[in-house]
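Residue numbers (our numbering): 21 to 138.
By construction, the Cβ of each residue, glycine as well, lies at the ideal position given by its N, Cα and C atoms.
Structure, as structure tokens:
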């Protein structure tokens, strides 16, 4: 049985978690988790993150309705980063965009993308 305590957390007890659309492979966002939010995500089948600014749990979509249903959680080889394959309902980004990664650096300039590149 998996134990979230076996992951390698930073000095603040956090681990980065990348959310990726399970069907398209599109990278949606990066957030942070602690051992309890990892356990809750696995138990509830929905993304539960740790908000560093609010110092509180953040259930993705709880207020916006833009939920992330967990399809699969993966660990990287060093056990210090997570990949959440999710079924995203609505935008993933708080800016109301599908992905938080909508700015590209091209020829030294920031370019806002009209749609994500997959």
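Endpoints, the beta strand (DSSP E) within which residue i is located
i: residue 89; result: 88-95
i: residue 103; result: 102-108
i: residue 77; result: 76-79
i: residue 71; result: 68-71
Pairwise C-alpha distance: residue j and residue i
i: residue 121; j: residue 47; result: 8 Å
i: residue 86; j: residue 61; result: 16 Å
i: residue 134; j: residue 108; result: 19 Å
i: residue 137; j: residue 129; result: Unreliable positioning characterises residue 137 in this predicted model, as indicated by a pLDDT of 49, which lies under 50. A coordinate reading is not provided.
i: residue 81; j: residue 127; result: 36 Å
Nonlocal neighbours in the same chain, by C-beta distance under 6 Å from residue i, ignoring five residues either side
i: residue 105; result: 40, 42, 91 and 92
For residue i, three-class secondary structure by DSSP
i: residue 127; result: coil
i: residue 51; result: strand
Residues of its chain near residue i, where Cβ-Cβ distance is below 8 Å and the 5 sequence neighbours each way are ignored
i: residue 102; result: 27, 35, 36, 37, 38, 53, 58, 93, 94, 95 and 96
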